[in-house]
Amino acid sequence: MDLLWKSFFQVAEEDDLGNVKRLTMHDLMHDLACSAAGTEYCIASLEAENADERTRHVLFEDELDAYWKIPCTLLKANRLRTIFLPDGSLNQSICNALISNFRYLRSLNLSFSGIERLLHSIGKLKHLRGLYLIGNENFKKLPSSLCRLQNLQTLRLSGCSDLEKLPRKTRRLVSLRYLYIDGCDSLAYMPRGLGQLTCLGTLNEFIVGKRGKGAGELRELNGLNNLKGKIRISSLKNAIPEPGSSYLKEKLNLKHLKLSWRNDENDDEEEEEEDDDASNEKSELVFEGLQPHPNLEMLVVYGYPGSKISSWLSSITNLTRLILEDCVECKHLPPLHQLSSLKFLRFSGLKVLENVSEIEMQKELSSSKSTKFFPSLEELDLMNCPNLKGWWSGDVDEGSNAQLPYFPCLSDLTIRWCPNLTSMPLFPSVRELHLNETSWKQLQETMKLKMTTSEEPSSSSLFPPFSKLTKMWLVDIEELDSLPEEFLQNLTSLWSLYIASCSNLTSMPKGMRFLSSLQELSIWGCPQLSERCQRHIGVDWPNIAHIENICIDGRVI
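Each residue of the sequence shown is one higher than the one before, starting from 186 at the first, in my numbering.
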């Protein structure tokens with residue numbers, strides 16, 4: 186029975202979403218627990234009548250109202266270790282009473298209770314191992330006495346958006362293993378000495394503060410080599426470069442890393458003016474010191490102001506997801522094609538980037554043993570890169586289309602607001618294609634490709650490009666004046682087609698009749714095309730009459 190309750194509460198504490206939730210027992214397990222629990226383990230009603238001085242663990246199975254008070258019978262259980270209450274059921278006075286009356290608590294859940302403070306007497310709960318304050322938006326300050334809890338292992342503060350700082354002596358929480366501070370938007374820095382918490386395994390956020398005021402610097406991360414899972418390091422604009430530093434390289438179990446030079450997307454603080462070249466160099470030195478262990482699987486870089494991404498990126502061989510967002514001054518990237526495990530790649534807001542690779546296309550082709558490129562890549566997003574011209578610098582010789590590299594596994598491709606992009610690896614196996622304000626040229630080049638199936642490299646069977654395509658969005662493509670018949674004849678799997686703001690597209694060709702899989706057609710903002718596709722009376726209606734669902738300018742026809 187003891188094992189049953191321990192496992193129950195452990196599951197509640199280790200919720201992957203970072204929330205403490207009440208779990209519902211299966212009816213049979215509920216009956217078993219009630220019959221076997223006796224008074225030491227109590228599944229209680231609102232009145233908790235079955236609790237007494239021998240009770241150690243209480244789970245309330247009813248929702249508590251705002252006027253609920255701690256029953257006298259429960260107050261007798263002054264050696265209570267666990268009390269599990271539904272979220273949102275408490276008020277400040279009840280919270281105070283819990284802290285004052287139950288000094289032997291191991292786990293205290295005050296999540297979503299609306300409290301604004303903790304009593305100073307929280308420091309007397311010397312047996313406390315888990316403290317949950319999730320979602321208390323008006324909570325501004327933790328009492329300094331909290332740092333007396335040397336047995337505390339879990340502290341969850343997620344969603345305490347008004348919390349301004351962690352206690353100055355947080356370093357005294359020597360047993361702390363899990364610290365969750367995501368969603369603490371008012372938190373300005375990590376306290377100095379945090380690096381002394383060598384047991385810490387989970388720290389999902391590290392905020393770099395400005396020097397002074399007890400703010401810990403990046404070097405606090407040096408002692409936290411037991412960190413695992415996910416971490417976001419934000420406000421890197423405040424970091425002071427330390428040449429030769431390596432803050433993350435020894436963290437073997439760190440899997441997801443987000444590096445943000447701003448304290449999230451809503452950072453509107455006025456910044457001191459700084460020489461652009463000096464700021465650029467500072468940012469690049471800081472980035473260099475953030476090299477993770479090669480075991481890292483996901484990397485997000487947000488708001489990086491430097492002109493080049495550190496070369497260590499190419500050595501993170503286990504990386505499966507890479508996102509570079511709002512790196513507005515970035516001109517140079519390391520050779521990303523060396524990331525053979527990469528499955529997801531996104532560039533967004535790289536305003537000055539002209540080429541993904543600085544190697545000339547012709548040199549790359551002549552030195553490559555295979556035309557396959559990024560062998561594991563499944564999803565590619567290129568968004569808001571107005572100066573992006575191509576994957577390589579230079580052009581390939583005319584007539585050598587069969588030699589162009591291609592993405593063998595790419596199934597989802599999105600290109601939005603990249604009007605100058607005209608050259609990139611081919612993408613014959615794509616299943617979902619989004620093109621918005623970009624060139625039609627790379628699609629035309631892919632149409633010319635003849636290749637074997639990427640799933641079976643040794644196979645001699647051929648499949649036409651785009652024969653696996655199921656969904657396609659074509660938006661604001663000025664150069665698109667027709668849908669080529671040779672393109673349409675390959676779309677044997679196309680299920681949904683969306684066309685918007687393609688003002689020069691004037692007709693639906695006869696080849697549309699052969700798209701037997703097409704079930705949805707949507708047309709927006711294409712005046713000439715809209716008129717020609719009107720039910721029964723439009724010139725092109727016979728070419729699309731077989732499509733089950735047709736919507737023109739928001740109106741189903």
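Idealized CB from N, CA, C, for every residue including glycine. This one's a predicted model, so the numbers in the text were calculated from it and none came from an experiment.
Collapsed DSSP secondary structure at residue i in the structure displayed
i	result
L331	helix
V243	strand
A282	helix
R417	strand
H522	helix
R264	coil
I729	helix
R769	Outside the shown range of the chain, which is 186 to 742, sits residue 769, and nothing can be said about it.
L361	coil
H441	strand
E469	helix
N423	helix
I307	helix
S695	Before going further, note that residue 695 is Lys rather than Ser in the sequence given. Reduced to three states, the DSSP call for K695 is helix.
D237	coil
L690	coil
D566	strand
I742	coil
L293	strand
S464	helix
A222	Caution is warranted here: a pLDDT of 49 is assigned to A222, below 50, making its placement in the model unreliable, and no coordinate value can be reported.
N451	Confidence in N451 is poor, its pLDDT being 45 and thus under 50, which makes the residue's placement unreliable; the coordinate value appears in the next sentence. Three-state DSSP puts N451 in coil, outside helix and strand.
Between the CA atoms of residue j and residue i - distance to the nearest angstrom
i	j	result
W577	D566	17 angstroms
M568	L535	8 angstroms
I392	S445	10 angstroms
P560	C594	7 angstroms
D511	L259	55 angstroms
C515	R447	16 angstroms
I708	E563	28 angstroms
L303	L433	34 angstroms
F297	D347	14 angstroms
L409	L403	11 angstroms
T623	S495	29 angstroms
N503	A373	33 angstroms
L342	Y317	7 angstroms
V537	V243	60 angstroms
E322	L295	12 angstroms
L618	L598	5 angstroms
G401	G394	7 angstroms
G397	K354	15 angstroms
R314	G474	34 angstroms
L690	I508	34 angstroms
S419	T505	22 angstroms
V741	Q713	17 angstroms
heavy atom of the ligand NAP below 8 angstroms from residue i C-beta
i	result
S492	With respect to the ligand NAP, the structure offers nothing, as it holds no ligand at all.
Span of the beta strand (DSSP E) around residue i
i	result
T355	Unbroken run through T355: none, as it is neither H nor E.
R314	Careful: R314 lies outside any beta strand (DSSP E) and carries neither H nor E.
H517	Where H517 is concerned, there is no enclosing beta strand (DSSP E), given that its DSSP letter is neither H nor E.
R506	506-510
Y432	Note, Y432: premise wrong, no beta strand (DSSP E); not H, not E.
V485	483-487
C736	734-737
F529	529-533
Y683	681-685
E705	705-709
Extent of the continuous alpha helix (DSSP H) run through residue i
i	result
W497	Unbroken run through W497: none, as it is neither H nor E.
E716	712-717
Worksheet item: Can you list, in chain order, the stretches of the beta strand (DSSP E) that have 3 or more residues and sit fully within the region 589-675?
Response: Fully enclosed beta strand (DSSP E) runs of 3 or longer: 597-603, 617-623, 656-660.
task: Output the residue ranges of the beta strand (DSSP E) runs that lie fully inside the region 363-416 and measure 3 residues or longer, sorted by chain position.
output: Counting whole runs of 3 or more residues, the region 363-416 contains the beta strand (DSSP E) stretches 363-365, 390-392.
**Request:** May I ask you to verify whether the region 464-471 touches the region 434-443, counting CB pairs closer than 8 angstroms and requiring at least 3?
**Result:** Under the 8 angstroms Cβ criterion, the region 464-471 does not count as touching the region 434-443, having fewer than three qualifying pairs.
If we count Cβ pairs, one from each stretch, closer than 8 angstroms, do we get three or more for the region 711-727 versus the region 649-663? At 8 angstroms Cβ cutoff, the stretches do not touch.
Do three or more CB pairs link the region 692-699 to the region 668-681 at distances below 8 angstroms?
-> Segments in contact, yes.
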